[in-house]
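Everything on this sheet refers to the single structure shown next.
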Ligand code: TEU
Ligand code: CA
């Protein structure tokens with residue numbers, strides 16, 4: 006396995022809107038990020054991924070870009086961005102921009118031209134049809150085809166109506182996108198997170214999707230289109246081949262079967278991708294707002310299947326939460342009685358699984374899902390659209406708010422909790438989205454002062470990972486695959502051998518048969534027991550070094 010910086014790095018995702026506000030307008034911004042670089046360096050991460058910072062009407066918080074070369078004024082100026090990049094580099098941090106190239110905003114000049122007439126030179130930048138050719142549904146609800154009265158035709162939008170899909174079959178579109186990417190790389194950015202990249206090539210035979218099987222429809226109909234690899238290879242030739250820059254793809258619709266087509270090291274497409282298999286585990290037949298119970302055995306099987314599929318030929322990201330999903334401790338842990346222990350257990354999984362971890366802002370503090378008391382508190386377009394559909398089916402508001410509290414995206418978007426000051430120290434003004442009620446006790450200031458905090462656990466683990474390359478490159482060997490309570494595995498290569506034991510439950514768990522007599526205790530989320538063969542306590546995590 007060849008060594009590269011991006012396999013060894015740990016990525017920290019910043020959602021700029023909710024990270025730190027410098028001027029009291031209630032919206033996080035670039036100077037706010039600059040003011041917290043010391044915090045990120047102290048934590049020990051290597052790469053910052055900034056969710057989109059480009060000009061946007063914010064229908065989907067920046068995932069609807071109206072100018073790829075301007076900074077959103079709410080976030081600051083180009084000079085602020087250049088200062089952020091410079092200061093981050095000075096601290097040894099790399100910076101990835103999140104670029105959305107599957108679609109633009111409907112306010113992007115390309116779309117404004119495109120819709121203006123059927124023979125406009127930009128018409129072919131998007132997909133126009135006289136009538137909807139199929140039953141495709143938008144990810145945010147309703148038909149993916151929107152009628153436009155200006156020319157009496159329909160355009161495709163896989164996300165909101167204000168996010169028309171670009172037509173990548175048009176070489177001019179590709180040229181413009183690649184030029185834009187080079188523009189930012191020439192400024193010195195270290196790579197891109199590529200939003201919904203498996204969707205860029207459309208099946209223009211326009212087959213129907215299966216309304217009863219969304220996952221299959223995503224994999225077979227929306228994603229992995231006929232030219233996707235051709236386009237990504239072209240992107241590599243035109244863009245990435247000329248820089249030491251990272252291509253990290255959001256891998257929606259990619260499965261273990263085809264992942265190496267994207268990240269195989271001989272492919273020259275993406276370096277990394279993150280998949281959605283475990284992130285969709287608790288989505289019921291009705292999707293996100295129809296949550297179901299998930300099983301640890303399924304969860305483990307997903308990690309195993311992906312690790313086997315990737316093997317020695319490629320590399321992936323490890324992700325347990327981000328701005329699109331609930332908080333990991335609320336979802337996969339226990340954010341009540343075992344909040345501290347389970348947040349640390351999940352950190353152990355995130356940072357010792359084989360792959361490049363992404364830490365989402367605030368999870369290093371153990372930030373939790375919020376409670377939503379009314380529709381007005383929710384900001385996410387996906388939630389508001391889902392509520393409309395929910396209402397049509399006769400559902401109640403209470404039940405909807407409960408579903409949103411389990412799986413809504415706004416859970417991950419509440420402001421970063423810096424201190425117990427006004428608005429958690431995020432802003433001196435009124436935050437754009439409510440601050441979580443638990444900020445007086447759960448905040449960075451408290452965490453930094455408490456050597457036993459979740460934050461310091463992350464810090465130790467990040468340092469440990471750096472000094473034990475086997476935790477990065479070593480093989481992943483799952484143990485007790487069928488155990489519904491214990492997630493256990495070894496990481497091993499010629500240089501070392503480690504055992505990771507994670508009790509995903511609030512009842513004790515036997516591990517005596519897994520622990521050899523000789524071991525060295527590296528880290529745990531409880532005080533060291535007299536013997537590492539003793540049963541695991543509720544949500545206990547142990548990381549041991551064992552003899553090969
Ligand atoms: O997300 C893609 C995506 O499909 C998931 O957000 C999720 O499946 C969706 O919420 C449906 O439940 C990316 C971005 O990460 C997300 O924030 C954007 O809203 C989306 O693309 C459109 O750009
Ligand atoms: Ca601001």
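In the numbering used here, the protein residues as written are 6 to 553. All residues carry an ideal CB built from backbone N, CA and C; glycine is no exception.
| Asked | Found |
| --- | --- |
| Among 409, 478 and 275, which one has its Cα closest to the Cα of residue 358? | 478 |
| Exposed or buried, which one is residue 432 when buried takes at least 16 other CB atoms within 10 Å? | buried |
| Between the beta-carbon of residue 491 and the beta-carbon of residue 548, is there less than 9 Å? | no |
| Going straight from the alpha carbon of residue 90 to that of residue 342, what length do you get? | 41 Å |
| Leaving aside the five residues before and after residue 416 along the sequence, list all residues of the same chain whose C-beta is less than 6 Å from its C-beta, in chain order. | 331, 332, 374 and 375 |
| Does the segment 425-439 touch the segment 306-318, meaning 3 or more C-beta pairs lie closer than 8 Å? | no |
| From the DSSP output, in three-state form, read off residue 471 for me. | helix |
| What residue range is occupied by the uninterrupted alpha helix (DSSP H) comprising residue 394? | 386-397 |
| Can you give, in chain order, each stretch of the alpha helix (DSSP H) that sits fully within the segment 138-172 and has at least 4 residues? | none |
| Hey, would you say residue 106 sits closer than 9 Å to residue 182, going by beta carbons? | yes |
| Should residue 430 be listed as close to ligand 2, given that the test is whether its C-beta is under 8 Å from any heavy atom? | no |
| Compute every distance between the C-beta of residue 201 and the non-hydrogen atoms of ligand 1, then say whether any falls below 8 Å. | yes |
| Listed by chain order, which residues have C-beta atoms less than 6 Å from any heavy atom of ligand 2? | 26, 27, 28, 30, 32 and 34 |
| On the criterion of 16 or more Cβ atoms from any shown chain inside 10 Å, does residue 18 qualify as buried, or is it exposed? | buried |
| Whose C-alpha, out of 45, 307 and 285, is nearest the C-alpha of residue 298? | 285 |
| Can you name the residues that DSSP bridges to residue 549? | 504 and 526 |
| Do residue 161 and residue 142 come within 9 Å of each other at the CB atom, strictly closer than that value? | no |
| Report the three-state DSSP secondary structure of residue 96 (helix, strand or coil). | coil |
| Check each candidate in 508, 421 and 507 and name the one with the smallest Cα separation from residue 20. | 421 |
| Excluding the 5 residues flanking residue 418 on each side, which residues of the same chain have their C-beta closer than 8 Å to its C-beta? | 20, 22, 23, 66, 328, 384, 385 and 438 |
| Give the secondary structure of residue 276 by DSSP, where H, G and I count as helix, E and B as strand, and everything else as coil. | coil |
| Do residue 551 and residue 502 count as a contact pair if the criterion is CB distance below 9 Å? | yes |
| If you draw a straight line from the C-alpha of residue 521 to the C-alpha of residue 538, how long is it? | 8 Å |
| Ligand 1 and residue 292: does the residue's C-beta get closer than 8 Å to at least one heavy atom of that ligand? | yes |
| Quick one: which unbroken beta strand (DSSP E) runs of 3-plus residues sit fully inside the segment 422-477? Chain order, please. | none |
| Pick out whichever of 129, 68, 455 and 87 has its Cα sitting closest to the Cα of residue 108. | 68 |
| Answer with buried or exposed for residue 322, where buried requires no fewer than 16 other C-beta atoms within 10 angstroms of its C-beta. | buried |
| Is residue 65 near ligand 1, going by C-beta to nearest heavy atom under 8 Å? | yes |
| Who are the near neighbours of residue 232 in its chain, counting only those whose CB is closer than 6 Å to its CB and skipping five residues on each side? | 206 |
| Rounded C-beta distance between residue 309 and residue 486? I'm assuming under 8 Å. | 7 Å |
| Span of the beta strand (DSSP E) holding residue 54? | 52-55 |
| Touching or not, the segment 189-198 and the segment 43-51, by the rule of three or more beta carbon pairs under 8 Å? | no |
| Ligand 1 and residue 538: does the residue's C-beta get closer than 8 Å to at least one heavy atom of that ligand? | no |
| Along the alpha helix (DSSP H) that carries residue 264, what are the first and last residues, could you check? | 264-268 |
| Pull up the distance between the alpha-carbon of residue 200 and that of residue 536, whole angstroms please. | 47 Å |
| Cα separation between residue 250 and residue 61? | 25 Å |
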